[in-house]
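Residue numbers (my numbering), protein chains in the order written: chain A, 1 to 315; chain B, 316 to 597; chain C, 598 to 1090. The C-beta atom is built at its ideal place from N, Cα and C for all residues, glycine as well. All values reported here derive from a predicted model rather than from experimental measurement.
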Amino acid sequence: MLRYTVKRLGSLLASLVVASLVIFACIEVVPGDPASFMLGINAQPDTVAALREELGLNRAPHERYIAWVSGLVTGDFGTSYTYRSPVSEIVVERLAISLPLAIYALSLTILVAFPVGILAATRRGSLTDISVMATTQLGVAIPNFWFALLMVLVFAVNLRWFSAGGFPGWDEGFLAAVKALTLPAIALALPQASILARVMRSSLLDTLSEDYIRTARAKGLTARQALRRHALRNALIPVLTIIGLQFSFLLAGAIIIENVFFLPGLGRLVFQAISQRDLIVVESVVMLLVFAVIIVNFLVDLAYAWVDPRLRSRT
Amino acid sequence: MTEEGLFRAALRSRNLVVGNLLAAAFAIGALLSFFWTPYDVTELAIATRLQAPSGVHWFGTDHFGRDILSMIMVGAQTSIAVAIVAVGIGMGIGVPLGLAAAARRGSLLDETIMRGNDLVFAFPSLLIAIMITTVFGPSALNAIIAIGIFNIPVFARLTRGAALPLWTRDYILSARVSGKGPVRISVEHILPNVTNLLIVQGTIQFSLGILAEAALSYVGLGVQPPTPSWGRMLADSQTLIAIAPHMAMFPGFAILLTVLGLNLAGDGLRDLLDPRIRNAQP
Amino acid sequence: MNSIQQSTAAFAVLALTAGGAWAAKSDATIGIQLEPPHLDPTSAAAGAIDQVLYSNVFEGLTRFGPDGSVGPGLAESWEISEDGTTYTFNLHTGVKFHDGTDLEATDVVFSLDRARAEDSQNAQKALFAGIESVEATGPTTVVVTLNAPQGNFLFNMAWGDAVIVAPESIDDIKGNPVGTGAFRFSEWKRGDSITIVRNADYWGAAPALEQATFKFISEPTAAFSAMMAGDIDAFYSYPAPENLVQFEADPRFTVLAGNTEGETILAINNKMEPFGDVRVRKAVSMAIDRQAIIDGAMFGYGTPIGTHFAPHHPDYVDLTGNAPHDPEAAKALLAEAGYPDGFETTLKLPPPSYARRGGEIIAAQLREIGIETEISNLEWAQWLEQVFRGYDYGMTIVSHTEPMDIGIYARPTYYFQYDNPGFQKLISELSVENDPARRSELLKEAQRTISEDYVNGFIFQLALTSVVDARLNGIWPDAPTQAVDLTGVSWTE
Chain A
1 MLRYTVKRLG SLLASLVVAS LVIFACIEVV PGDPASFMLG INAQPDTVAA LREELGLNRA
61 PHERYIAWVS GLVTGDFGTS YTYRSPVSEI VVERLAISLP LAIYALSLTI LVAFPVGILA
121 ATRRGSLTDI SVMATTQLGV AIPNFWFALL MVLVFAVNLR WFSAGGFPGW DEGFLAAVKA
181 LTLPAIALAL PQASILARVM RSSLLDTLSE DYIRTARAKG LTARQALRRH ALRNALIPVL
241 TIIGLQFSFL LAGAIIIENV FFLPGLGRLV FQAISQRDLI VVESVVMLLV FAVIIVNFLV
301 DLAYAWVDPR LRSRT
Chain B
316 MTEEGLFRAA LRSRNLVVGN LLAAAFAIGA LLSFFWTPYD VTELAIATRL QAPSGVHWFG
376 TDHFGRDILS MIMVGAQTSI AVAIVAVGIG MGIGVPLGLA AAARRGSLLD ETIMRGNDLV
436 FAFPSLLIAI MITTVFGPSA LNAIIAIGIF NIPVFARLTR GAALPLWTRD YILSARVSGK
496 GPVRISVEHI LPNVTNLLIV QGTIQFSLGI LAEAALSYVG LGVQPPTPSW GRMLADSQTL
556 IAIAPHMAMF PGFAILLTVL GLNLAGDGLR DLLDPRIRNA QP
Chain C
598 MNSIQQSTAA FAVLALTAGG AWAAKSDATI GIQLEPPHLD PTSAAAGAID QVLYSNVFEG
658 LTRFGPDGSV GPGLAESWEI SEDGTTYTFN LHTGVKFHDG TDLEATDVVF SLDRARAEDS
718 QNAQKALFAG IESVEATGPT TVVVTLNAPQ GNFLFNMAWG DAVIVAPESI DDIKGNPVGT
778 GAFRFSEWKR GDSITIVRNA DYWGAAPALE QATFKFISEP TAAFSAMMAG DIDAFYSYPA
838 PENLVQFEAD PRFTVLAGNT EGETILAINN KMEPFGDVRV RKAVSMAIDR QAIIDGAMFG
898 YGTPIGTHFA PHHPDYVDLT GNAPHDPEAA KALLAEAGYP DGFETTLKLP PPSYARRGGE
958 IIAAQLREIG IETEISNLEW AQWLEQVFRG YDYGMTIVSH TEPMDIGIYA RPTYYFQYDN
1018 PGFQKLISEL SVENDPARRS ELLKEAQRTI SEDYVNGFIF QLALTSVVDA RLNGIWPDAP
1078 TQAVDLTGVS WTE
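And the structure:
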């Protein structure tokens, strides 16, 4: 196990180094000078040069790479070109929205997907199963930005149950904040819940057909007991893997939904930073997201290997 | 199962029939638009803009007076072309990588390919797509590349996963004994056996590609005007949704129905082609 | 001695009448499209900084009024020496910065010296280029010496880039602006909003609003929903003209349609073939149907222009007749120039909807006379690099929002690369001319020259459309500069 962990840790570090190189290289080739953009069309060349100097853009690429990476290692993510405040500070501000939104959306996803998936699996072939399958197919196929627009039209503009977007901040009270995140969370959760319900159903069907469930049934357990005691727990492994993927997706993948509801989240921060050429924000946040996913993958792999020793010999 | 039997089974599958019909409707619309559309989609008629659906314009007109039905037909070309090529890139690069990783299981090559896959998966896809189009400028080609890159690990993983157990089969062992190299075995014996799986996954990635293209052109990074695209039609409709809801409805449903059709077809194909599931069915 | 003595009375009265009514509601939430990158108006080009801070938080020696006229700001009066090179400004007494320190003449010297210093990051450094020296000759007296007479020095000092800052605040100015205005900066929820609150120690008339919040909403749909849902009280420079009909029909709202300084032009790369030929440029101009663009892209909001000059300016000459919409004549011109079958070129469009939508319409209009355009939609950073600095474009659409900027046509390296020594002479004459009648003559001459050279396709003057809660008064309908001045805004019962 120790040998496996060390080996795995090695490839983790290699991944991180490669990721940082890829991100830095991408950012290097992005056309458009941050300083020119910030100073606009009437700026004089010497003004632009002065700003470039202050932002440290005149240094050689390898110097900037080393400065950036050594900053990351010590927890210093650099200073935003446009906001002129530490990137870490800005990221923490944005996470105060993105994290709760992701958790909210994921909770909705799980709350809907679990019962629906279990119901469909246990009543396989019934009308319930067919309508669940049909609805989830729709849920996967709807472009979620379109669905979000329709919700705004109905619930904010016409019915006025919710505000059309924006975020009042957590200091306005928990309920107000949760209310502001409700429509976006639903828009994000719809396709994810559809996917998860389908995974839940098929995973449960797989385990239900396994021998030990048949044995359990033969021993006199009712279908419900067999489900609760044996099948569900085993069916959860692929489901949890999917949930892990969905969470990291929700954290960064909400850009379009954040735009529709003008929420100042992490995705929108990067989106804006790209168009404003606030490159240090782009590279640090993307690196952070990649880092998070890689670490989660690493931990999941370790957990699997711990549970199932056969996997250790894979590498 | 004989070919005839397969065809009968296909007809019995509700998913497959409905899915194929939906997908075919859009494919036909796209094909037809190469020769004929009700109206020219590059001609503007400001005087007749924002008209509701009628006998003259079945789906109404947009903010420049263009015929929405015609735009949806031509837009289908874009969606289909972008998604097909993106899946092609994913398969063209991903499948050989997957085969190679499986053939050299446990080697440094395998490890590199798999860790590379993990790495690509770890990148936030939409953000990277936005960065790619920022670097190279928005265009259909760059949308294809952006979507295609994220298809590579999908196919590489799938192929490797399906190929690994095959390598322990008797007929592969006998092929090895008879002196065939790993490349030849992969092409002659492994690939044919994973084709079904690839077709099923290809259909699903195809539908995801259409959604991704719509999202990219919705944020303005797909094919450029005057070529119509569904995502941009939705973006254009946004501010007019209250006075001209048809502008948002028709492209939205076009995306929805195409993706739905392809997903249903994918499900149907899986039921049909994956023997494990087929045999399990009552 | 040519002396101008002005009092602040006019401004004070204006503020009083506007802010006189007592209303139960004393705060307002104003939607604006873009978020300021930081809060230092003297070191960035971003218009959003001035929208939030100009006049509200920061003030300059002079200031723009709602109609674009230049009046006294922190300087209550000034004298100009006879040769026009020395300006003596007398500051108001009892002015305090928001940090409690007094405004002194040395602060003005500091601010102007900082703006024109070698390592200055002022985006409009040219405004200060003519300054020879700045001196404090008394606690509230500042003498500015110019190296040559300058026709529009007072105008230059009214810009948001020339506001007076507190020296001790410079280190944190980007996150915590300290000015002298009627509101003080209170809170910035990044990505969401900025809040300013009434400054109890303000030297001038107190504003009616106790607090105001600027909310950043760049998505037009979101702007529409936020307005309709009542989340915001006003949207300054509403981004989607197509929604205005609905707002006009709704008694809850007032739609303000005013002027901006934005000449929207189809800029042409004059040095790129075949645009070097004036006949080709004229053909392009005549292919353009201005009204169709105004209707199609701006839903009717905008005034056709025939030159690079704002129609609401007294010296404007209507030259739209120089290039009437006539596709047949345009085709004939193209044939004469040697392009009977037209040609292909690029049309690069920056993000605003006037450019994106206008671009699609213009592409269709140019196609009628045989010119095929390849459209590419660019972000601003790309536009700056490719079009503005790289000259790598055939045509582009952009609105030039700086006031009185016809002088850009005298710069041969400006991105449309128009090089006419006659015009350059005209502008250099204008820059030192102080006589109003002669200035007017020169300005008119300049307008005619570029119109008759068909330098660019002159399309329309951008309209400023704001949607305001019908009970909210005092939002400026026009945009003489980038400012959302709230000092005169109030609620009625």
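- G413 of chain B is outside the set of residues whose beta carbon lies under 8 Å from a beta carbon in chain A.
- At a beta-carbon threshold of 8 Å, the residues of chain B lying near S11 of chain A are E426, R430, ordered along the chain.
- From the listed residues B:P541, B:I570, B:N335, B:L506, the smallest Cα separation to D355 of chain B is found for B:P541.
- At a cut-off of 8 Å between beta carbons, D433 of chain B contacts chain A.
- At a cut-off of 8 Å between beta carbons, N259 of chain A contacts chain C.
- Under the three-state reduction of DSSP output, K622 of chain C falls in the coil class, being neither helix nor strand.
- In the DSSP assignment, I514 of chain B falls outside any beta strand (DSSP E) and lies within the alpha helix (DSSP H) extending over 506-533.
- Looking only at A:L236, A:L95, A:R214, the smallest Cα-Cα distance to S203 of chain A is reached by A:L236.
- Across the region 92-118 of chain A, CB contacts with chain C closer than 9 Å involve E93, R94, I97, in sequence order along the chain.
- A straight line joining the alpha-carbon of L72 of chain A with that of A416 of chain B spans about 33 Å.
- With fewer than 16 other Cβ atoms from the protein chains shown falling within 10 Å of its own Cβ, Q225 of chain A counts as exposed.
- Within the region 790-853 of chain C, the complete beta strand (DSSP E) runs of at least 3 residues fall at 790-795, 808-813.
- Here I294 of chain A has S15 as same chain residues with Cβ atoms under 6 Å from its own Cβ, once five neighbours each way along the sequence are excluded.
- In the DSSP assignment, S11 of chain A falls within the alpha helix (DSSP H) that extends over 2-29.
- According to the DSSP secondary-structure assignment, S973 of chain C is paired through a beta bridge with C:K945.
- Between F661 of chain C and E673 of chain C, the alpha-carbon positions lie close to 14 Å from each other.
- Between the region 456-466 of chain B and the region 399-408 of chain B, the count of C-beta pairs closer than 8 Å reaches three or more; the two stretches touch.
- The contact set of H561 of chain B on chain C, defined by CB atoms closer than 9 Å, is empty, because the minimum CB distance reaches about 15 Å.
- Excluding the 5 residues flanking it on each side, P191 of chain A has same chain C-beta neighbours closer than 8 Å at G139, V140, I142, N144, in chain order.
- With a threshold of 8 Å between beta carbons, P480 of chain B makes no contact with chain A.
- Not flagged as an interface residue toward chain C: R214 of chain A, since no C-beta distance is shorter than 8 Å.
- Burial state of P736 of chain C is exposed, judged by a 10 Å Cβ sphere holding fewer than 16 other Cβ atoms.
- Per DSSP, T777 of chain C lies in no alpha helix (DSSP H) and is assigned neither H nor E.
- A755 of chain C is a Cβ neighbour of G657 of chain C, given a cutoff of 8 Å.
- The beta-carbon of L183 of chain A is placed no less than 8 Å from the nearest beta-carbon of chain B.
- At a cut-off of 8 Å between beta carbons, P31 of chain A contacts chain C.
- The Cβ of A837 of chain C sits closer than 8 Å to at least one Cβ of chain B.
- According to the DSSP secondary-structure assignment, N856 of chain C is paired through a beta bridge with C:A1060.
- H62 of chain A carries a helical assignment under DSSP once its states are collapsed to helix, strand and coil.
- Sequence-distant Cβ neighbours of N1031 of chain C in its own chain, meaning closer than 7 Å and more than five residues away, are G681, P746, G748.
- With fewer than 16 other beta carbons inside 10 angstroms of its own, K219 of chain A counts as exposed.
- Contact note: I383 of chain B does not reach chain C at a C-beta cutoff of 9 Å; the least C-beta distance is about 15 Å.
- Excluding the 5 residues flanking it on each side, P1009 of chain C has same chain C-beta neighbours closer than 6 Å at D1016, in chain order.
- For the 8 Å CB-CB criterion, Q808 of chain C and D989 of chain C do not form a contact.
- With respect to G1054 of chain C, L863 of chain C sits close: the two C-beta atoms are nearer than 8 Å.
- In this chain, the alpha helix (DSSP H) harbouring G583 of chain B covers 561-588.
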